[in-house]
Amino acid sequence: MKIKIARYTSEPEVTQALLEYEVEMEDATLLAVLNEIKTKIDASLSFSSGCRSSVCGSCSMRVNGKEVLACGYKVQEGDLIEPLQNAPLVRDLIVEMDKALSLNAKAKAWQSSLSKNQLLSQEDEKRNELQSDCILCGSCYSACPVYAVNEEFLGPFALTRVWKYVSDAREANASEKIETIQTNGVWDCTLCDGCTIVCPQGISSKADIEKLRSKSVMQGYSDPSFSNSFGGGFSMDGSPSF
Amino acid sequence: MRSDVLIIGAGGAGLVAALSAHEAGAKVRVLTKEYPTRSQTCMAQGGINAALGNVEEDSVASHIQDTLKSAHGIAEERAVKLLCESAPYAVAWLDSIGVCFSRTKDAKIAQRKLGGAYAARACYAQDYTGLKILHTLYDRCVAAGIEILNERYLLNFITHTPQNADAYVGGATVLNSRTGEVETYESASVIIATGGYSRIYDKHSTNSTRSTGDGIAAGLRAGARVSDMEFIQFHPTALKNSSILISESARGSGGYLVNSKGERFTNELAPRDEVARAIHAEMQKGEEVYLDIRHLGEAFIDEELPQERKLAKLYENVDPVYDLVPIKPVAHYTMGGLEVNKHSQTKVRGLFAVGECANHKVHGANRLGGNSLLELVVFGREAGKNAALYAKDFDKEIDASTFTQSAQNFILGVKHFTNQIDFYEKRSFIGNIFYNNAGVIRDDMGLKAVLGAIRQIQREIPFMGPKDKSKVYNTNLIEFIEFGNMVELSEIILVSAISRNESRGAHYRSDIPQENDIAYKAHTIAWKEEGVLCADFME
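Below you can see the structure in the form of structure tokens.
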């Protein structure tokens, strides 16, 4: 079977090419095919991998424009393999994740203080079980049209993480968390659901963002674009605004 | 800028050590060859042991007893006692920082039974226990503002040996994968937390492709000693074709092991070494072996083992709810590692080790499921604290320049290796001969044949090398250096296994199937002198 891989190198100068590879493999994961190419055909092909079982998030990339984990995707004839978008491309299928990961810090995606000996019911546990399955593979940032144009946007996995902690019965200071995500956060999302579609763990950051919005409203925050336009008519200087 | 504590590796052990050293007031820097959440820890499924007695009666004494029994006489009682007594606090701490454990109906942390345990003792989060612990630790490090530098591959430790005194560490040299440049990080103390070496078994291992024993090999080169390297745990149930792990909790919950005739042939809840041997024996008879969890029902499987179901479907095209799952035992965990004292310090002053790369002598000849996540929390805290304490009194000079220079020369030199022999082929060859002759069952002849092959490969290394000569993110180069580390450790595993003329725990010699306490109730110690491998036994 033949697949095409987007190659990229910056040395000696920036060079990009779409190269076709042929392998004799059937019913194989993309990661197995990439390993076959690297070890038998072209040792310079560069990609990241780790656990092979979809929990480490190393081998996220795009197939025919859609984000997948290479270890969790079965290759089809003619597939086009490309790196994730919206992250600095290092080489071939490897992108740098530092920027996206730094948004966890910016969003303060952690529990505010230690919470000792708190009983959690099964219901409490289920509230953020799914969100705590996140593997930080970065597929959601690659698929996010808002992050594509505003790199200050906190983005899907950081906001899902915030919801994970905000919704946790052990979090004592949820209001501080909500405050942190008002700017470049929950209100910037267009609810396009692109992140949900590509998440290999079945998490919907869009749904988490909606829940964070409700919490925000309950705490007295409102959608800044909405409040500006609400009532419309005239702005302070009397000129009409739309 | 120099750090007080430099940590190599950002899996569970590295991150716990980082938090603990930070708490002790040290300036901490963490380096990882991947990203923290991509570490091996994320693959741990079964759970973390603590005698909480949340679902049935249990006691710290039973936890100690089970651990010692499974260790077959070569665990250190003091260390095991510390491990098990600290366990309830370790789990309480993980709970306090937000780990999403599964819960019981009465709102406590849920526990389940794993092999070799007297009671349901493993606290778990579905079959994502390691993943959820690792990510929560990472969030904690981010909250603490701990410096973590990603994609730095360890080359060597910087050491200095004063006249008439022991060597001490002064940092590490690494390859920045992104730039291809050698970087030098000076530090008063260094903690190695780089994980195990199961990938020597290549495709016959459950582990991440990055479990290549880098830190152990670099530690040896720096003058540290290793111990019990021949003890390698084979997990009884990995998917047959892909070696993907199916958690022990599948058997703990009542899953059966059956052969082609549908007959059960062993106690599924015996310790892993025994179950792995029973499966191996069936397979030697020409039987296929399957895991059968159909009777547990779809609701249970989806709630407790969602990952297993997904992986069995993907890799074997079977659905455990309706089908038998074909399995085989593969390399899973390496009990041996860097020899450390009770302060987690190696023979090199200021050089500490923790996690799977270290041998804290709590697992002995066979680790119990649920004890490795526990080990990384309990001893991660100790190592971090002790390294910070050591760094406080550190008043020596560090001169790294010769180490930087030799690391740069090494990277340049390796690219000039002749490339007549393909190291990827040799890597998979080593995996096969290790699996067949240094695996679940070994004997003197087979081990010596593998040692011969490894010594030959050592001589051939200059005729291998990376094909890719570029600087930026050269994975071919890094995989070659990883291969070199694995070859270095392979020799030690084999020499240790050949020296141990008995069977004990995971080291099973078909030519000498008895345990021999008089001669071998001791630790196998190995070290390098002027590049030459030396080995001995030590109580």
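Line order of the protein sequences matches chains A and B. Quick note on our numbering: the first sequence kicks off at 357 and runs consecutively. Quick note on our numbering: the second sequence kicks off at 1320 and runs consecutively. Every residue gets a Cβ at the ideal spot worked out from N, C-alpha and C, and that includes glycine. As the structure is a prediction and not an experimental result, all values here were calculated from the model.
For residue i: DSSP bridge partner residues
i                             : result
arginine 418 of chain A       : A:Glu423 and A:Glu438
tyrosine 1504 of chain B      : B:Ala1491
glutamate 1821 of chain B     : Paired residue(s): none; glutamate 1821 of chain B is not in a bridge.
serine 1546 of chain B        : B:Gly1656 and B:Ile1844
valine 1324 of chain B        : B:Val1347 and B:Ser1508
cysteine 1853 of chain B      : B:Trp1846
serine 1524 of chain B        : B:Ala1650
phenylalanine 1864 of chain B : Past the edges of chain B, shown from 1320 to 1858, lies residue 1864 of chain B, and the structure says nothing about it.
glutamine 1739 of chain B     : Per DSSP, none; premise fails for glutamine 1739 of chain B.
glutamine 467 of chain A      : Per DSSP, none; premise fails for glutamine 467 of chain A.
glutamine 372 of chain A      : A:Tyr364
histidine 1826 of chain B     : B:Arg1823
isoleucine 359 of chain A     : A:Tyr377
alanine 1757 of chain B       : B:Arg1761
isoleucine 450 of chain A     : A:Arg447
Nearest-angstrom beta carbon gap, residue j and residue i [assumed within contact, 8 Å]
i                          : j                          : result
glycine 1538 of chain B    : threonine 1665 of chain B  : 6 Å
isoleucine 1563 of chain B : serine 409 of chain A      : 5 Å
glycine 1490 of chain B    : isoleucine 1477 of chain B : 4 Å
serine 416 of chain A      : serine 495 of chain A      : 5 Å
isoleucine 1837 of chain B : aspartate 1855 of chain B  : Contact flag wrong, Cβ pair sits at about 17 Å.
cysteine 1361 of chain B   : cysteine 412 of chain A    : 5 Å
isoleucine 1811 of chain B : aspartate 1521 of chain B  : With a Cβ gap of about 18 Å, isoleucine 1811 of chain B and aspartate 1521 of chain B do not count as contacting.
glycine 1331 of chain B    : leucine 1453 of chain B    : 6 Å
isoleucine 1416 of chain B : threonine 1455 of chain B  : 6 Å
alanine 1329 of chain B    : serine 1358 of chain B     : 6 Å
Between the CA atoms of residue j and residue i - distance to the nearest angstrom
i                             : j                          : result
tyrosine 1709 of chain B      : histidine 1341 of chain B  : 13 Å
valine 1806 of chain B        : isoleucine 1519 of chain B : 8 Å
serine 523 of chain A         : serine 1421 of chain B     : 16 Å
methionine 1320 of chain B    : alanine 461 of chain A     : 23 Å
aspartate 1323 of chain B     : tryptophan 1846 of chain B : 27 Å
histidine 1479 of chain B     : aspartate 1718 of chain B  : 8 Å
lysine 422 of chain A         : lysine 1680 of chain B     : 47 Å
leucine 515 of chain A        : arginine 569 of chain A    : 11 Å
valine 1374 of chain B        : glutamate 1849 of chain B  : 55 Å
glycine 1907 of chain B       : glutamate 566 of chain A   : Residue 1907 of chain B is absent from the model: chain B starts at 1320 and stops at 1858.
glutamine 432 of chain A      : glutamate 438 of chain A   : 15 Å
alanine 1390 of chain B       : asparagine 1685 of chain B : 5 Å
isoleucine 1535 of chain B    : serine 1524 of chain B     : 18 Å
arginine 447 of chain A       : lysine 1647 of chain B     : 37 Å
leucine 1433 of chain B       : proline 1781 of chain B    : 46 Å
serine 597 of chain A         : glutamate 507 of chain A   : Unreliable placement is indicated for serine 597 of chain A, whose pLDDT of 49 sits below 50; the coordinate value is still reported in the next sentence. Approximately 28 Å, taken between the alpha carbons.
tyrosine 1754 of chain B      : threonine 546 of chain A   : 53 Å
cysteine 1460 of chain B      : aspartate 454 of chain A   : 15 Å
methionine 1654 of chain B    : alanine 1394 of chain B    : 11 Å
phenylalanine 1671 of chain B : leucine 374 of chain A     : 47 Å
asparagine 1578 of chain B    : histidine 1554 of chain B  : 17 Å
isoleucine 1818 of chain B    : histidine 1826 of chain B  : First, the residue type needs correcting, since residue 1818 of chain B is serine and not isoleucine in the sequence shown. In a straight line, the C-alpha of serine 1818 of chain B is about 11 Å away from that of histidine 1826 of chain B.
glycine 1616 of chain B       : alanine 504 of chain A     : 44 Å
glutamine 1626 of chain B     : arginine 1668 of chain B   : 43 Å
aspartate 1485 of chain B     : glycine 1542 of chain B    : 10 Å
Where residue i meets chain A, residues with beta-carbon distance less than 7 Å
i                          : result
serine 1415 of chain B     : Leu470, Ser471 and Lys472
asparagine 1795 of chain B : Ala399 and Ser400
glutamate 1353 of chain B  : Gly406 and Ser414
arginine 1357 of chain B   : Gly406, Cys412, Gly413 and Ser414
Chain B contact residues for residue i, given Cβ-Cβ distances below 7 Å
i                        : result
aspartate 489 of chain A : Tyr1447
tyrosine 521 of chain A  : Gly1417
glycine 428 of chain A   : Leu1633
Within chain B, partners of residue i - CB distance below 9 Å
i                      : result
alanine 465 of chain A : Asp1458, Val1461 and Ala1462
leucine 475 of chain A : Arg1422, Asp1425, Ala1426 and Lys1427
alanine 599 of chain A : The structure shown does not extend to residue 599 of chain A, since chain A is modelled only from 357 through 598, so no value can be given for it.
Interface residues of chain A facing residue i [CB-CB closer than 8 Å]
i                         : result
serine 1561 of chain B    : Arg408
aspartate 1787 of chain B : Ala399 and Ser400
arginine 1497 of chain B  : Val446 and Glu452
arginine 1529 of chain B  : Gly406
Any C-beta of chain E under 8 Å from that of residue i
i                        : result
aspartate 454 of chain A : Looking for chain E here will not work: the only protein chains present are A and B.
What runs of the beta strand (DSSP E), each 3 residues or longer, lie entirely inside the stretch 1583-1670 of chain B? 1608-1611, 1644-1653 and 1656-1658
Whole alpha helix (DSSP H) elements within the stretch 1409-1492 of chain B, 4-residue minimum: 1448-1463
What alpha helix (DSSP H) runs, 4 residues minimum, are completely inside the stretch 490-552 of chain A? 495-499, 501-505, 512-522 and 530-536
Report the start-end ranges of each alpha helix (DSSP H) in the stretch 1365-1416 of chain B that is 4 residues or longer and not cut off at the edges. DSSP runs (the alpha helix (DSSP H)) wholly in the stretch 1365-1416 of chain B: 1379-1390 and 1396-1415.
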